[in-house]
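Residue numbers (our numbering), protein chains in the order written: chain P, 3 to 116; chain V, 18 to 130.
Only one structure is covered here, and it is reproduced in the block below.
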């Protein structure tokens with residue numbers, strides 16, 4: 003069935019360093035890949051997304067890359083700050099038409115230390 | 018604030034009981050999605066409604082049901098509750114029927130004792 007794998011499950015970086023989170027998906031028909039940030043006890047917030055017709059997208063310190071051939075996509079955060087500490091979820095739009103749905107990865111807990 | 022509202026924020030109930038969670042999508046959004054997030058778990062898709070019609074189902078238990086009303090708000094009904102149903106329940110909304118750019122509500126924390 004549909005599957006999205008996310009690695010690593012935890013990631014600790016020093017402030018100012020870069021962080022990279024990777025996801026792989028199983029359905030080659032997937033065409034939309036969002037990333038969500040969730041702070042403790044709060045709602046997931048969409049931070050960046052990419053569609054399958056694009057290889058890379060940037061928004062200030064965050065970027066997402068997509069390799070359709072290898073079926074994986076990655077989140078890159080540069081110049082990390084303490085407020086970047088949160089759980090990050092990747093997702094893939096599985097299925098087609100109006101019966102499609104988002105399947106989420108299991109999350110990466112990012113800790114940015116001073 | 019995403020513009021998606023959910024009530025109640027917290028709910029504590031006993032096993033065997035039935036509860037109703039409510040979600041109001043952002044103004045103009047026709048799609049509502051429900052997700053379950055258990056402790057230290059990811060987001061599990063439950064069900065999707067678009068303009069009052071069910072469009073997709075995930076791993077939703079038969080004890081759970083949902084509907085979307087003409088004013089586009091949605092309710093998730095959970096019955097015969099078990100301890101394992103304790104979780105955060107989120108709804109999300111989007112403008113189009115396909116799940117691009119979903120915006121999440123603040124969630125309802127359900128505790129079953």
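For each residue, glycine too, the CB sits at the ideal point set by N, CA and C.
Do residue j and residue i come within 9 Å of each other at the CB atom, strictly closer than that value?
{"i": "residue 13 of chain P", "j": "residue 116 of chain P", "result": "no"}
{"i": "residue 64 of chain P", "j": "residue 49 of chain P", "result": "yes"}
{"i": "residue 28 of chain V", "j": "residue 126 of chain V", "result": "yes"}
{"i": "residue 124 of chain V", "j": "residue 58 of chain V", "result": "no"}
{"i": "residue 80 of chain P", "j": "residue 11 of chain P", "result": "no"}
{"i": "residue 42 of chain P", "j": "residue 57 of chain P", "result": "no"}
{"i": "residue 98 of chain V", "j": "residue 32 of chain V", "result": "yes"}
{"i": "residue 4 of chain P", "j": "residue 34 of chain P", "result": "no"}
{"i": "residue 1 of chain P", "j": "residue 81 of chain V", "result": "Residue numbering for chain P in the displayed model covers 3 to 116; residue 1 of chain P lies beyond these limits and cannot be assessed."}
Residue i: which of the options sits nearest, CA to CA?
{"i": "residue 39 of chain P", "options": "P/94, P/82, P/26 and P/88", "result": "P/88"}
{"i": "residue 128 of chain V", "options": "V/34, V/109, V/80 and V/64", "result": "V/34"}
{"i": "residue 56 of chain V", "options": "V/119, V/113, V/101 and V/111", "result": "V/101"}
{"i": "residue 44 of chain P", "options": "V/45, V/66, V/106 and V/112", "result": "V/106"}
{"i": "residue 30 of chain V", "options": "V/103, V/118 and V/117", "result": "V/103"}
{"i": "residue 118 of chain V", "options": "P/66, P/37 and P/86", "result": "P/37"}
Would you tell me roughly how many angstroms separate the C-alpha atoms of residue i and residue j, rounded to the nearest one?
{"i": "residue 106 of chain P", "j": "residue 62 of chain P", "result": "24 Å"}
{"i": "residue 74 of chain P", "j": "residue 94 of chain P", "result": "10 Å"}
{"i": "residue 71 of chain P", "j": "residue 55 of chain P", "result": "12 Å"}
{"i": "residue 122 of chain V", "j": "residue 77 of chain V", "result": "19 Å"}
{"i": "residue 74 of chain V", "j": "residue 86 of chain V", "result": "18 Å"}
{"i": "residue 112 of chain V", "j": "residue 84 of chain P", "result": "33 Å"}
{"i": "residue 91 of chain P", "j": "residue 65 of chain V", "result": "20 Å"}
{"i": "residue 120 of chain V", "j": "residue 46 of chain V", "result": "10 Å"}
{"i": "residue 72 of chain V", "j": "residue 18 of chain P", "result": "44 Å"}
{"i": "residue 76 of chain P", "j": "residue 109 of chain V", "result": "23 Å"}
Can you round the beta-carbon distance between residue i and residue j to whole angstroms, since I take them to be within the 8 Å contact cut?
{"i": "residue 8 of chain P", "j": "residue 108 of chain P", "result": "5 Å"}
{"i": "residue 21 of chain V", "j": "residue 43 of chain V", "result": "6 Å"}
{"i": "residue 82 of chain P", "j": "residue 15 of chain P", "result": "5 Å"}
{"i": "residue 32 of chain P", "j": "residue 78 of chain P", "result": "About 20 Å separates the two Cβ atoms, so there is no contact after all."}
- Message: When you compare the region 38-52 of chain V with the region 91-98 of chain V, are there three or more beta-carbon pairs, one atom per stretch, that lie closer than 8 Å?
- Response: yes
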